[in-house]
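Taking it in order: structure first as structure tokens, then the write-up.
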Amino acid sequence: MLGESCLIGVTAHGCFEWLREVNSKYTLEQPQWFWQAYHYEQFSYENADIAYFPSYFLKSKLESYGWKTSQSKYLPYFVPTIEMLGDEREANLALPTPLPYQGREELNSPLRVGKGSSVTTHNSLNSLNVDKIPVVFFSRLEERKGLCTFVEAIKLLNPILVERIQIIFIGKIIPLQSSQLQHLDSQQYIEQQLDSHITYNLIPNLSSQDAITFITELNHPIVCLTSIQENFPNTGLEMGQLPVSLVVSDTGGFQETLNLVERSDCVRWFHPGNSHSLAQTIAQAINAYPENPLVPQYEFLEQVNQRLLNQRLEYMSQAFINAAPKEPQTPLITIAIVCWQTVNTILECLESLAAQTYNNFDVIIGYRESTEEYLQKIITQAQTKFPSYKYSNLDANWSLGESYNYLVELAAGEYVLQFAVEHIALPDMLEKLVTAAITSDADVVVCPQLALQKDGELEAIAFINGCLLKLLEFNHNQDISVLFSLKLLQEFPYFPERGLLTLNWHILAAAIATGKEIAYYPYPLYVTLHSQSTINPVNLAKERYYLRQYLYQIEPSKWNQRQLNFLLTGVEQLLQQQNSRLDKCRCDRIH
């Protein structure tokens, strides 16, 4: 929609599928919404002018879901440099009663203290026991950040060690996502797990900068970064700059983050999601307390950011070079029209094609010999008015699919557009379709339709959808006109079954299933006038059935990994919905 004057860049930060996986959210309330979100995320990333991934770990996760990443570039996030403010920080630590949060409304929320859930509203540091070792969970309080792993690890610590430490949770309280914990928020979960025997502090509402300031004012804290999986976390970039001991989940995102800022001193790794490994690593950090790690200098971090900026500018410059106007291509387009019945718009349709701004096309009109005098008359008029178009008799016994295949055999063009006689093309239709096909190197170009209603109003039919699961719900009342490459139609011929009208949808579905390049032009390029090919709602079940049958005939080896992932996920989620409804019915009967 933004046009050729704008380039689009996309940076992957994860995806909905990754969030579900890492939060152990294996059930969904609105699976259809998620299918669509999955598709949009993937499509926008794969079709951007330039796509970035911040870590190789995240790239590997996207690939495991079937995303195409060969076109993407490695570019980590910029480092949010934290200036320790040298003398100023020492001055703050020298204050008899540090009050960094007074006068800040967002920071006056209570520090919550476990064991009895007593709540204090005075300065957070004053509530801490300075004689104990601060062990800090620093992240959003949720499953994917390793909250459950951390809590279980604390429970596994030797009670003698627990007496030596001050446990502090710094992060936002949110509803938990996993199937077994979704009835709790993170505060309720922590209270449930620790309140009976372990004292802790919960500080939920600090801004990122104030949370960092709070940690710097602790006495040699041990900061735990416990995410089960991470893409490229800011927490690693931030904590890696502080003179704190680090206990870190040995997942790719953290490894790449800390390597970027060259922080390795006083960093201890544990196996992701393994509470026993985490407990052992925390115990090692406690036994080594206190530590004074070497941290990266501000000047070095500035150099890192400058290097990343230069790399980004280089990638962007290359993208502009790649997007520069190229030698125009004008492939031959064959427009195939099947004319089975008398339609008053035949001549209008052909006139709209003759008025195209794109000139390199030919037209084949296939028609049945008919005893109907008016149809023969209008075909004769068309032959007289448009003698350069080709006219071919169709066997009266052929189905619509067989007729389409016959016209494809006659096609000389590199691309074929199956057009209906009730369609009236806008003058730039072919020009736009060809430009989209060449720009995207696409086998398929789709656009919405405009339909003229009986009351004279125009209705926009924006039923273009690249999600195969959504397409399999098929509920459209007419076929779609699509520009297909000839080689695609030769690989996937039209279905010969009689009585089917939605044959172009079959080819589009096959293109999606096998991972062909598809371009979606966002605006209507033709108008449908008084369609006589509208699908009777009674026949929708048949159309839907044969759409599935068409996909079923595609060899398994041709299927795209992403679409197999979609189908299996969709089946699982639909079964979950069905079981949920059955469970609800049983509960209602019991009550």
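With our numbering, letter number 290 in the sequence shown gets 274, and the count goes up by one each step, no holes.
All C-beta atoms, glycine included, are put in the ideal place defined by N, C-alpha and C.
Since the structure is predicted, the reported quantities are computational estimates derived from the model, not experimental observations.
Residue i, buried or exposed, once every other Cβ within 10 Å from all chains shown has been counted against 16
i       : result
Pro217  : buried
Tyr24   : exposed
Gly(-2) : buried
Ala366  : buried
Tyr351  : buried
Asn328  : exposed
Lys440  : Looking at the sequence itself, residue 440 is Gly, so the reference to Lys does not match. With fewer than 16 Cβ atoms within 10 Å of its Cβ, Gly440 is classed as exposed.
Ala339  : exposed
Asp463  : buried
Trp17   : exposed
Thr582  : This structure leaves residue 582 out entirely; the chain is present only between -15 and 575.
Gln150  : buried
Pro506  : exposed
Ser372  : exposed
Pro205  : buried
Ala308  : exposed
Lys310  : exposed
Residue from the options with nearest C-alpha to residue i
i      : options                            : result
Tyr49  : Gln560, Asp463, Phe550 and Leu293  : Phe550
Val428 : Thr241, His490 and Tyr358          : His490
Glu1   : Ile(-8), Ser541, Trp51 and Thr(-5) : Trp51
Cys208 : Phe254, Asp179, Leu285 and Pro188  : Phe254
Gln433 : Ile408, Gly440 and Glu13           : Ile408
Asp169 : Glu127, Ile154, His181 and Glu201  : Glu127
Ile112 : Leu548, Leu125 and Arg148          : Note that residue 112 is Leu in the sequence shown here, rather than Ile. The shortest C-alpha separation from Leu112 is found at Arg148.
Lys542 : Glu475, Val511, Tyr504 and Ala21   : Glu475
Gln545 : Phe18, Gly499, Ile157 and Asn523   : Gly499
Ser469 : Asp425, Cys431, Glu175 and Glu457  : Asp425
Lys57  : Asp33, Ile66 and Thr65             : Asp33
Ala435 : Ser465, Leu417, Asp412 and Leu453  : Ser465
Glu539 : Phe284, Glu335 and Ala497          : Ala497
Leu131 : Val114, Gln177 and Gly385          : Gln177
Leu42  : Ala(-4), Thr11 and Gln55           : Ala(-4)
Asn31  : Tyr10, Ser54 and Tyr40             : Ser54
Tyr536 : Ile154, Tyr510 and Phe479          : Phe479
Ala495 : Gln20, Tyr510, Val146 and Pro477   : Pro477
Ala21  : Lys374, Val511 and Leu452          : Leu452
Thr133 : Leu391, Ile174 and Glu201          : Ile174
Gly385 : Val322, Thr419 and Pro256          : Val322
Ile319 : Pro312, Ala503 and Glu393          : Glu393
Asp115 : Leu202, Asn344 and Tyr504          : Leu202
Where residue i sits in the DSSP three-state scheme
i       : result
Phe62   : coil
Ala493  : helix
Val405  : coil
Phe18   : helix
Lys156  : coil
Leu442  : strand
Val(-6) : strand
Gly350  : strand
Val466  : coil
Val428  : strand
Ala263  : helix
Thr553  : helix
Ala320  : strand
Lys139  : helix
Leu485  : coil
Val400  : strand
Val279  : coil
Lys57   : strand
Leu125  : strand
Tyr184  : strand
Phe27   : helix
Asp412  : coil
Per DSSP, the bridge partner or partners of residue i
i      : result
Gln150 : Pro118
Gln433 : Ile445
Val251 : Leu230
Thr616 : This structure cannot speak to residue 616, because the chain is shown only from -15 to 575.
Thr512 : His407 and Ala435
Asn377 : Tyr351
Phe345 : Ile317
Ile206 : Val119 and Ser229
Any non-hydrogen atom of the ligand NAP closer than 8 Å to residue i Cβ
i      : result
Tyr399 : With respect to the ligand NAP, the structure offers nothing, as it holds no ligand at all.
May I ask you to verify whether the segment 484 to 491 touches the segment 508 to 528, counting CB pairs closer than 8 Å and requiring at least 3?
yes
Within the chosen definition, does the segment 138 to 147 reach the segment 259 to 271 through at least 3 CB pairs nearer than 8 Å?
yes
Stretch pair the segment 374 to 383 + the segment 299 to 306: three plus CB contacts closer than 8 Å
no
Touch check for the segment 394 to 403 and the segment 457 to 475: three-plus C-beta pairs under 8 Å?
yes
Between the segment 243 to 259 and the segment 218 to 230, do three or more beta carbon pairs fall short of 8 Å?
yes
If you pair each beta-carbon of the segment 193 to 200 with each one of the segment 157 to 172, do three or more pairs fall below 8 Å?
no
Given 8 Å, three or more beta-carbon pairs between the segment 20 to 35 and the segment 256 to 267:
no
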